[in-house]
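Heads up, the thing below is written out as structure tokens.
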């Protein structure tokens with residue numbers, strides 16, 4: 001079998017120089033990010049640290065910092081996911097964001113969008129289905145008002161960018177690039193591509209890579225690409241995105257689903273289709289993160305159904321370096337910063353110096369088969 | 001917030017739970033901050049940890065009794081309804097966030113109030129009945145239901161209310177839609193308040209929009225100098241509207257962040273049910289959209 005040649009013998013002790021696959025001219029910025037998190041059992045770390053009691057009152061410093069590259073350092077790996085924290089200013093400056101790593105804004109388009117017709121959200125078992133339709137205030141309001149407010153806050157703000165064509169994404173980025181309050185970009189790839197008769201960017205590897213490359217040319221800030229779970233195997237997508245220049249990959253966006261109205265005379269949402277989020281999405285998101293983390297060197301940001309610290313640890317275990325909180329933030333806007341504190345106490349309890357000890361512990365020692373090979377039957 | 005009371009998060013203790021209709025429960029909570037601060041039309045949010053859901057669940061405040069410090073909420077009516085709550089026992093405590101949203105605005109000059117409810121939406125208007133009676137107004141309550149078994153029990157309403165029922169199958173009261181009853185009371189009413197499914201509210205809104213021409217009613221009140229109008233959506237503008245409606249939408253966050261509850265206004269701009277509503281003047285909304 002050919003695949004055997006590519007077996008990685010040891011994930012933890014891999015020499016820095018070795019490459020698992022030939023990478024053709026990967027362009028990196030001057031700010032080389034910290035080496036991507038690799039699987040490391042927590043014990044060796046614990047051994048070279050003084051024993052920590054890990055009690056309730058223990059306030060020993062824990063390293064929660066994450067370097068996303070290009071100068072973007074997060075105080076913690078917990079982020080607010082796009083759309084679930086608005087523009088980050090709705091709750092007012094009085095709210096203590098604590099150890100929130102970063103806020104990802106609601107997706108922003110060039111011009112303001114009123115959004116979809118109602119109903120826009122419906123709750124299903126274990127999840128929320130929404131079709132807000134990218135309601136947002138447009139680029140100009142951010143330019144004139146929001147960016148200045150973000151600059152005053154101590155939490156980095158990553159602007160989620162959406163558009164109907166490569167040109168629209170690039171225009172948003174160009175107009176906002178360099179404003180003091182903006183720390184990076186998250187590309188919402190789940191947008192219909194006008195040039196390809198409306199196929200989502202997230203479903204076509206070359207379209208997504210082309211988009212990232214175009215945005216890369218327009219900005220020096222870090223770029224996060226948010227991929228869709230609607231694609232069966234995201235490995236080739238992840239590789240292409242990295243080669244095109246993303247600094248991190250967020251996995252996953254909502255999953256397109258349908259809910260039937262009570263009278264069974266049509267879909268429950270005004271838009272017809274909606275995006276599933278919440279706990280129901282978590283196993284799917286874990287699979288995607290697990291898949292992507294094995295093939296890319298950039299940080300992977302896990303999103304999907306995170307509601308408590310166990311969910312955070314699950315995502316870290318399958319290779320995520322950071323975790324975004326989405327739907328759960330709607331019920332409790334301060335959850336993300338509280339989970340960062342929980343993660344810190346979990347580190348103390350387990351006697352490790354930083355949360356990186358938890359990253360990748362559930363990754364296989366050799367590369368796993370892609371999910372498209374089947375779940376129930378394996379040759 | 002125009003609701004008047006400060007928004008608080010507090011523990012509420014379940015005092016009593018009883019079934020009032022098949023599949024509908026009335027829960028009484030001891031929650032002083034809600035009982036004194038809430039106004040008719042406002043709602044509370046229940047925590048997903050208590051309801052077993054994913055996002056917060058908005059429930060209208062059914063009644064509030066300031067003297068005993070209790071509020072009642074009505075649950076049920078749907079298969080994915082907040083059924084985890086029906087297993088609560090007296091003495092259980094849960095987080096009730098509220099009061100949230102904007103209340104009904106009753107014009108001080110209105111003496112005859114017409115309330116129109118369909119099905120479960122009764123609990124959105126129930127508190128307005130108490131408020132209106134307490135201020136000496138006359139209230140006519142029209143209720144639409146599927147059949148006699150779904151009709152809100154009149155024993156739970158004050159005696160002073162004129163209570164008129166329409167059922168789809170004609171098992172009690174008028175046979176047909178509740179909106180059929182409205183023309184009989186339109187001329188009597190100074191103001192109307194509606195709650196129910198979108199289609200019912202849209203029918204009410206169409207009736208209200210043509211009311212003046214159909215009835216030949218003169219505009220109430222003195223003319224303002226220069227015809228200065230109150231800004232659309234302000235409490236004063238709503239107070240002058242003949243019809244106000246309370247909307248039922250899935251609300252994700254109640255902090256105006258998720259925009260999942262938005263409906264579209266007449267000018268095409270989205271309005272958030274959690275923050276701008278749940279009560280709206282009927283002429284603020286685009287009724288053809290749904």
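Residue numbers (my numbering), protein chains in the order written: chain A, 1 to 379; chain B, 1 to 290. Just so you know, even glycine gets a beta-carbon here, dropped at the ideal spot from N, CA and C. All figures in this text were calculated on a predicted structure; none of them were measured in a lab.
| said: Between which residues of its own chain and residue 164(A) is the CB-CB distance below 6 Å, once the five residues before and five after are set aside? | reply: The residue labelled residue 164(A) in the question sits at position 164 within the first chain. The residues are 194.
message = Let's see if you can read the secondary structure: which residues bound the alpha helix (DSSP H) around residue 170(A)?
response = Numbered from its first residue, the first chain carries residue 170(A) at position 170. First-last of the alpha helix (DSSP H) with residue 170(A): 166-176.
In whole angstroms, what is the alpha-carbon distance linking residue 358(A) and residue 350(A)? Within the first chain, numbered from 1, the residue matching residue 358(A) stands at position 358. Within the first chain, numbered from 1, the residue matching residue 350(A) stands at position 350. One C-alpha to the other measures close to 10 Å.
- Item | Same chain only: Cβ atoms within 8 Å of residue 280(A), ignoring 5 sequence neighbours per side | Taking the first chain and counting its residues from 1, the one referred to as residue 280(A) is at position 280. Contacts found: 124, 125, 126, 127, 305.
TODO: Measure the C-alpha to C-alpha separation of residue 111(A) and residue 135(B) and round it to an integer number of angstroms.
DONE: Residue mapping note: residue 111(A) aligns to position 111 of the first chain, counting from 1. Residue mapping note: residue 135(B) aligns to position 135 of the second chain, counting from 1. Cα to Cα, residue 111(A) sits roughly 48 Å from residue 135(B).
| query | So which residues of chain B does residue 135(A) contact, with C-beta pairs closer than 8 Å? | reply | By 1-based counting over the first chain, the position of residue 135(A) is 135. Neighbours of residue 135(A) on chain B, chain order: 259, 262, 270.
task: Report the residues of the stretch 30-59 of chain B with a CB closer than 9 Å to any CB of chain A, ordered along the chain.
output: 45, 47, 48, 49, 53, 54, 55, 56, 57
Query raised in the report: Do residue 14(B) and residue 88(B) have their CB atoms nearer than 7 Å?
Result: Within the second chain, residue 14(B) is the residue found at index 14, counting from 1. Within the second chain, residue 88(B) is the residue found at index 88, counting from 1. Yes.
Go through its chain and collect everything with a Cβ distance to residue 136(A)'s Cβ below 7 Å, but skip five positions before and after it.
-> Position 136 of the first chain, counted from the start, is the residue given in the question as residue 136(A). Closer than 7 Å at Cβ, skipping near neighbours: 106, 107, 108, 109, 112, 113.
By a C-beta neighbour count over all protein chains shown, 10 Å radius and 16 as the cutoff for buried, is residue 212(B) buried or exposed?
-> Reading the second chain from its first residue, position 212 is the one you call residue 212(B). So residue 212(B) ends up on the exposed side.
Item to complete: Scan the stretch 307-327 of chain A for residues whose Cβ lies nearer than 7 Å to a Cβ of chain B and list them as they occur along the chain.
Response: 327
Practice task
Classify residue 345(A) as helix, strand or coil using the three-state DSSP reduction.
Solution key: By 1-based counting over the first chain, the position of residue 345(A) is 345. Reduced to three states, the DSSP call for residue 345(A) is helix.
Compare the C-beta of residue 260(A) against all C-beta atoms of chain B and say whether one is closer than 7 Å.
Position 260 of the first chain holds residue 260(A). No, no contact with chain B.
Contained alpha helix (DSSP H) runs [length at least 4] in the stretch 233-264 of chain B, N- to C-terminal order: 235-240
**Message:** Would you say residue 256(B) lies against chain A (beta-carbon separation less than 7 Å)?
**Reply:** Locating residue 256(B) in the second chain gives position 256, counting from the first residue. Interface residue, yes.
Notebook entry, point to check: Where are the alpha helix (DSSP H) runs, 4 residues long or more, that stay fully inside the stretch 204-270 of chain A, in chain order?
Noted result: 205-218, 235-244
Self-check item: Inter-residue Cα distance where the pair is residue 244(A) and residue 216(A)
Solution: As a first step, residue 244(A) must be located in the first chain, where it is residue number 244. As a first step, residue 216(A) must be located in the first chain, where it is residue number 216. Between residue 244(A) and residue 216(A), the C-alpha separation is close to 8 Å.
Practice task
Check the Cβ of residue 253(B) against every Cβ in chain A and list those closer than 7 Å, keeping chain order.
Solution key: In the second chain, counting from the first residue as 1, residue 253(B) sits at position 253. Near residue 253(B) (Cβ distances below 7 Å), the residues of chain A are 330.
Going by beta carbon distance, what residues of the same chain come within less than 8 Å of residue 271(A), once the five residues before and after it are set aside? In the first chain, residue 271(A) corresponds to position 271, counting from 1. Closer than 8 Å at the Cβ level, and outside the excluded window around residue 271(A), lie 116, 117, 120, 131, 133.
Q) Do you know how far the Cα of residue 247(B) is from the Cα of residue 273(B)? A) On the second chain, position 273 is the one that residue 273(B) refers to. On the second chain, position 247 is the one that residue 247(B) refers to. Distance between the alpha carbons of residue 273(B) and residue 247(B): 7 Å.
Next on the checklist: If you reduce the DSSP assignment to three classes, tell me which class residue 118(B) lands in.
Outcome noted: Numbered from its first residue, the second chain carries residue 118(B) at position 118. If DSSP states are grouped into helix, strand and coil, residue 118(B) belongs with the strands.
Item to complete: Would you kindly work out how many angstroms separate the C-alpha atoms of residue 27(B) and residue 352(A), rounded to a whole number?
Response: Taking the first residue of the second chain as position 1, residue 27(B) is located at position 27. Taking the first residue of the first chain as position 1, residue 352(A) is located at position 352. So the alpha carbons of these two residues sit roughly 48 Å apart.
### Query
In chain A, which residues lie with their C-beta within 7 Å of the C-beta of residue 250(B)?
As a position in the second chain, residue 250(B) is number 250, starting the count at 1. What residue 250(B) touches in chain A: 119, 121, 122, 123.
**Request:** Go ahead and label residue 11(B) buried or exposed: buried means 16 or more other beta carbons lie within 10 angstroms of its beta carbon, across all protein chains shown.
**Result:** Within the second chain, numbered from 1, the residue matching residue 11(B) stands at position 11. It is exposed - the Cβ of residue 11(B) has fewer than 16 other Cβ atoms within 10 Å.
Query raised in the report: Among 300(A), 260(A), 168(A), which residue has its Cα nearest to the Cα of residue 288(A)?
Result: The residue labelled residue 288(A) in the question sits at position 288 within the first chain. Answer by Cα proximity: 300(A).
Notebook entry, point to check: Going along chain B, which residues have a C-beta under 8 Å from residue 132(A)?
Noted result: The sequence position of residue 132(A) within the first chain is 132, counting from 1. Chain B residues near residue 132(A): 258, 259, 260, 262.
CB residue 104(B) to CB residue 194(B), shorter than 7 Å? Here residue 104(B) is taken as the residue at index 104 of the second chain, counted from 1. Here residue 194(B) is taken as the residue at index 194 of the second chain, counted from 1. Not closer than 7 Å, so no.
Assign residue 240(A) to one of two classes, buried (16 or more other C-beta atoms within 10 Å of its C-beta) or exposed (fewer than that).
-> Here residue 240(A) is taken as the residue at index 240 of the first chain, counted from 1. Classification for residue 240(A): buried.
Quiz item: Going along the chain, which residues of the stretch 333-354 of chain A sit with their C-beta nearer than 9 Å to a C-beta in chain B?
Solution: 333
#### Entry: Top-ranked residue by Cα proximity to residue 240(B), from 96(B), 20(B), 108(B)
Mapped onto the second chain, residue 240(B) falls at position 240. With distances taken between Cα atoms, residue 240(B) lies closest to 108(B).
So residue 425(A) contacts chain B; which residues on that side make the cut at Cβ distance below 9 Å?
Residue coverage of chain A in this structure runs from 1 to 379, which leaves residue 425(A) outside it and unanswerable.
Query raised in the report: Cα-Cα, which of 234(B), 58(B), 285(B) is closest to residue 204(B)?
Result: As a working mapping, residue 204(B) is identified with position 204 in the second chain. Checking every option, the nearest Cα to that of residue 204(B) belongs to 285(B).
What is the DSSP secondary structure of residue 70(B), reduced to helix, strand or coil?
Here the question's residue 70(B) lines up with position 70 in the second chain. Residue 70(B) falls in the strand class under three-state DSSP.
Query raised in the report: To the nearest angstrom, how far is it from the Cα of residue 318(A) to the Cα of residue 365(A)?
Result: As a working note, residue 318(A) is residue 318 in the first chain. As a working note, residue 365(A) is residue 365 in the first chain. Using only the alpha carbons, I get a separation of about 12 Å.
Along chain B, which residues have their Cβ under 7 Å away from the Cβ of residue 115(A)?
Counting from 1 along the first chain, the entry for residue 115(A) is found at position 115. Going along chain B in sequence order, the residues near residue 115(A) (Cβ under 7 Å) are 259, 262, 270.
- Message: Against chain B, with Cβ distances strictly below 7 Å, would residue 364(A) count as a contact?
- Response: Along the first chain, one-based indexing puts residue 364(A) at 364. Not one chain B Cβ lies under 7 Å of residue 364(A).
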